[in-house]
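What follows is a short report on a single structure.
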Amino acid sequence: MKKTILTAAVTGNITTLAQHPALPCTPQQIADAAIACGKAGAAVAHIHVRHADGRPSMELAHYREVMDRIRDSGLGMIINLTTGPGQRFIPDRENPALAAPGTTLMHPLRRVEHIAELKPEMCSLDLNTMWSGTSVVINPPENVRIMAQVIREAGTRPEIELFDSGDIHLAHALLDEKVFDHMPLFQVVTGVRYGFEATPQTLCYARSLLPAEANWGAIGIGKSSFGILVQAALMGGHVRVGFEDNVYLNRGVLAPDNASLVRKAVSLVEELGGTIASPDDARAILGLAS
Numbered sequence: 000m001k002k003t004i005l006t007a008a009v010t011g012n013i014t015t016l017a018q019h020p021a022l023p024c025t026p027q028q029i030a031d032a033a034i035a036c037g038k039a040g041a042a043v044a045h046i047h048v049r050h051a052d053g054r055p056s057m058e059l060a061h062y063r064e065v066m067d068r069i070r071d072s073g074l075g076m077i078i079n080l081t082t083g084p085g086q087r088f089i090p091d092r093e094n095p096a097l098a099a100p101g102t103t104l105m106h107p108l109r110r111v112e113h114i115a116e117l118k119p120e121m122c123s124l125d126l127n128t129m130w131s132g133t134s135v136v137i138n139p140p141e142n143v144r145i146m147a148q149v150i151r152e153a154g155t156r157p158e159i160e161l162f163d164s165g166d167i168h169l170a171h172a173l174l175d176e177k178v179f180d181h182m183p184l185f186q187v188v189t190g191v192r193y194g195f196e197a198t199p200q201t202l203c204y205a206r207s208l209l210p211a212e213a214n215w216g217a218i219g220i221g222k223s224s225f226g227i228l229v230q231a232a233l234m235g236g237h238v239r240v241g242f243e244d245n246v247y248l249n250r251g252v253l254a255p256d257n258a259s260l261v262r263k264a265v266s267l268v269e270e271l272g273g274t275i276a277s278p279d280d281a282r283a284i285l286g287l288a289s
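Going by numbering that gives the first Met the number 0, the sequence shown opens with residue 0, and the numbers climb by one from there.
What follows is the structure in structure tokens.
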């Protein structure tokens, strides 16, 4: 087995304080959680930011503070910033053509302003258009191309998030168009309702559609988190854990913190005979400059 890259996604923008009272929200809390995960074995910190009251944020100052604190830790973690906020539309009940309160849909350039400014090593790039929770996630291919251009100009490597097979077909079209100057990391997201089902069969199918030479990983949302982690590791994929995806260490047992999820993930990968990649290992695997 090649070395397995472990990503920690410590807060996301969907998980709430009601679901876990220790959800990291302030930049210091998010950075401290990521650093603790790095010490536990995570090579990559996937970063969303929030306001202190838990509301999702897109503030440049919040991203900058989190990045600076993680870099100052000296762990050398790869920082992967989200570009997910700004893609949700909630249709008005009386007139579905109108946006209801809670809609975040915005111009794609607004969604990558922090990438252009901060130039992280990696960032996410969602390809999905689907119903998700209480809203429609909308990522028109043209918007994806616009965002990908900004990401490329920033010297940032995209992590392509895939929620269903159509997303993979779009990824192949973008590769054919030379939208990416390097082969991206592909992240298969399972367990989101109306997307990829969190089963071994689905994960094998999704992997079969990806470029043979691609680096890829898989995420299980909620109760599927560790099952999909094991399946991905056995198939040679990379893995992710954290409060963005799942807040439980075991059935009915809240994880005390993100680092406990990372420690469990490390143990599972190593029990399978795998080796967890260090940040420098991850850079070599992904072709990032060290």
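Where a beta carbon is used, it is the ideal one built from N, C-alpha and C, also for glycine.
Quiz item: Around the C-beta of Arg92, are 16 or more other C-beta atoms found within 10 angstroms, so that it is buried, or is it exposed?
Solution: Residue mapping note: residue 92 aligns to position 93 of the sequence shown, counting from 1. Exposed, by the Cβ-count rule.
Practice problem: Please confirm if the region 169–180 is in contact with the region 196–204, defined as three or more CB-CB distances below 8 Å between the two stretches. | Solution: Inter-segment contact for the region 169–180 and the region 196–204 is absent: fewer than three beta-carbon pairs are separated by less than 8 Å.
Quiz item: For the 8 Å Cβ check, are there 3 or more pairs between the region 219–230 and the region 251–258?
Solution: Taking a contact to require three or more Cβ pairs closer than 8 Å, the region 219–230 and the region 251–258 do not qualify as touching.
Quiz item: CB-CB under 6 Å to Leu50, same chain, minus the five flanking residues each way: which ones, in chain order?
Solution: Within the sequence shown, the letter at position 51 stands for residue 50. Looking at the sequence provided, one finds His at residue 50 rather than Leu. Cβ within range, chain order: Ser56.
Exercise. Compare the C-beta of Met57 against all C-beta atoms of chain C and say whether one is closer than 8 Å.
Key: The structure shown has no chain C; it contains just one protein chain.
Self-check item: Nearest-angstrom beta carbon gap, Ile77 and Met146 [assumed within contact, 8 Å]
Solution: Locating residue 146 in the sequence shown gives position 147, where the first residue counts as 1. Locating residue 77 in the sequence shown gives position 78, where the first residue counts as 1. Beta-carbon to beta-carbon, Met146 and Ile77 are separated by about 20 Å, too far to satisfy the 8 Å threshold.
Quiz item: In this structure, does DSSP put Glu160 in helix, strand or coil?
Solution: Position 161 of the sequence shown, counted from the first residue, corresponds to residue 160. Looking at Glu160 - three-state DSSP - the assignment turns out to be strand.
Practice problem: Can you say whether His237 is buried or exposed, counting buried as having 16 or more other CB atoms within 10 angstroms of its CB? | Solution: In the sequence shown, counting from the first residue as 1, residue 237 sits at position 238. Here His237 is buried: its Cβ has 16 or more other Cβ atoms, across all protein chains shown, within 10 Å.
Quiz prompt | Neighbour-count burial assignment, Ser266, 16 or more Cβ in a 10 Å radius | solution = Position 267 of the sequence shown, counted from the start, is the residue given in the question as residue 266. Ser266 is exposed by the Cβ-count criterion.
Practice problem: Give me the Cα-Cα distance between Thr189 and Ala35, rounded to the nearest whole angstrom. | Solution: Here residue 189 corresponds to residue number 190 of the sequence shown, with the count starting at 1. Here residue 35 corresponds to residue number 36 of the sequence shown, with the count starting at 1. Their Cα atoms are separated by approximately 26 Å.
Self-check item: Option nearest Ala8 by Cα separation, candidates Asn257, Phe88, Gln28, Lys263
Solution: As a working mapping, residue 8 is identified with position 9 in the sequence shown. The shortest Cα separation from Ala8 among Asn257, Phe88, Gln28, Lys263 belongs to Asn257.
Self-check item: With 16 other Cβ atoms within 10 Å as the buried cut-off, status of His171
Solution: Within the sequence shown, the letter at position 172 stands for residue 171. Residue burial is scored here from C-beta neighbours: His171 has fewer than 16 other C-beta atoms within 10 angstroms and is therefore classed as exposed.
Quiz item: Got a sec, what are the start and stop residues for the beta strand (DSSP E) Asp125 sits in?
Solution: Position 126 of the sequence shown, counted from the first residue, corresponds to residue 125. 121–125 is the extent of the beta strand (DSSP E) around Asp125.
Quiz item: Is Leu124 near Leu161, with beta carbons less than 8 Å apart?
Solution: One-based indexing of the sequence shown puts residue 124 at position 125. One-based indexing of the sequence shown puts residue 161 at position 162. Result no, Cβ atoms of Leu124 and Leu161 do not sit closer than 8 Å.
Self-check item: According to DSSP, residues forming a beta bridge with Ser56
Solution: Here residue 56 is taken as the residue at index 57 of the sequence shown, counted from 1. In DSSP, Ser56 forms a bridge with Val48.
Quiz prompt | Extent of the continuous alpha helix (DSSP H) run through Val265 | solution = Taking the sequence shown and counting its residues from 1, one reaches residue 265 at position 266. 257–270 is the extent of the alpha helix (DSSP H) around Val265.
Quiz prompt | Same chain only: Cβ atoms within 7 Å of Ile114, ignoring 5 sequence neighbours per side | solution = Looking up residue 114 in the sequence shown gives position 115. Excluding residues within five positions, the ones whose Cβ falls inside 7 Å are Leu80, Thr82, Cys122, Val149, Ile150, Ala153, Thr155.
Quiz item: To which residues of the same chain is Leu74 closer than 8 Å at the C-beta, ignoring the five residues directly before and after it?
Solution: In the sequence shown, residue 74 corresponds to position 75, counting from 1. Excluding five sequence positions before and after Leu74, the CB atoms of its chain that fall closer than 8 Å to its own CB belong to Ile34, Gly37, Lys38, Pro278, given in chain order.
Quiz item: What's the gap between the Cα of Gln28 and the Cα of Val187?
Solution: On the sequence shown, residue 28 is found 29 positions in, with the first residue counted as 1. On the sequence shown, residue 187 is found 188 positions in, with the first residue counted as 1. In this model, Gln28 and Val187 are separated by some 27 Å (Cα to Cα).
Self-check item: Same chain only: Cβ atoms within 6 Å of Gln230, ignoring 5 sequence neighbours per side
Solution: The residue labelled residue 230 in the question sits at position 231 within the sequence shown. Taken in chain order, the residues that qualify are Pro199, Leu202.
Practice problem: For Ile227, I'd like the list of residues in its chain whose CB is within less than 6 Å of its CB, leaving aside the five on either flank, ordered along the chain. | Solution: Position 228 of the sequence shown, counting from 1, holds the residue named residue 227. Counting only Cβ-Cβ distances below 6 Å, and skipping sequence neighbours, we find Thr189, Ala197, Ala217, Gly219.
Quiz item: Where DSSP assigns a beta bridge to Arg87, which residues make up the other side?
Solution: Numbered from 1 along the sequence shown, position 88 holds the residue referred to as residue 87. Val136.
Quiz prompt | Counterpart residues of Gly216 in DSSP-defined beta bridges | solution = Here residue 216 corresponds to residue number 217 of the sequence shown, with the count starting at 1. Looking at the DSSP output, Gly216 bridges to Gln186, His237.
Quiz prompt | Host beta strand (DSSP E) of Leu5 (start-end) | solution = Stepping through the sequence shown from its first residue, residue 5 is reached at position 6. It spans 5–8 - the beta strand (DSSP E) in which Leu5 sits, taken as one unbroken run.
Quiz item: In whole angstroms, what separates the C-alpha of Glu64 from that of Leu16?
Solution: Position 65 of the sequence shown, counted from the start, is the residue given in the question as residue 64. Position 17 of the sequence shown, counted from the start, is the residue given in the question as residue 16. Rounded to the nearest angstrom, the gap between the Cα atoms of Glu64 and Leu16 is 21 Å.
Self-check item: Nearest candidate by alpha-carbon position, reference Ile292, set Thr133, Glu269, Asn12
Solution: Residue 292 falls outside the range modelled here, since the chain spans only 0 to 289, and no answer is possible.
Quiz item: CA-CA distance, His47 and Leu59?
Solution: Taking the first residue of the sequence shown as 1, we reach residue 47 at position 48. Taking the first residue of the sequence shown as 1, we reach residue 59 at position 60. Approximately 11 Å between the Cα atoms of the pair.
Quiz item: Which partner residues does Phe195 have in the DSSP bridge list?
Solution: Working through the sequence shown from its first residue, we reach residue 195 at position 196. Answer is Thr189.
Self-check item: First and last residue of the uninterrupted beta strand (DSSP E) at Ile34
Solution: Here the question's residue 34 lines up with position 35 in the sequence shown. Careful: Ile34 lies outside any beta strand (DSSP E), inside the alpha helix (DSSP H) at 26–39.
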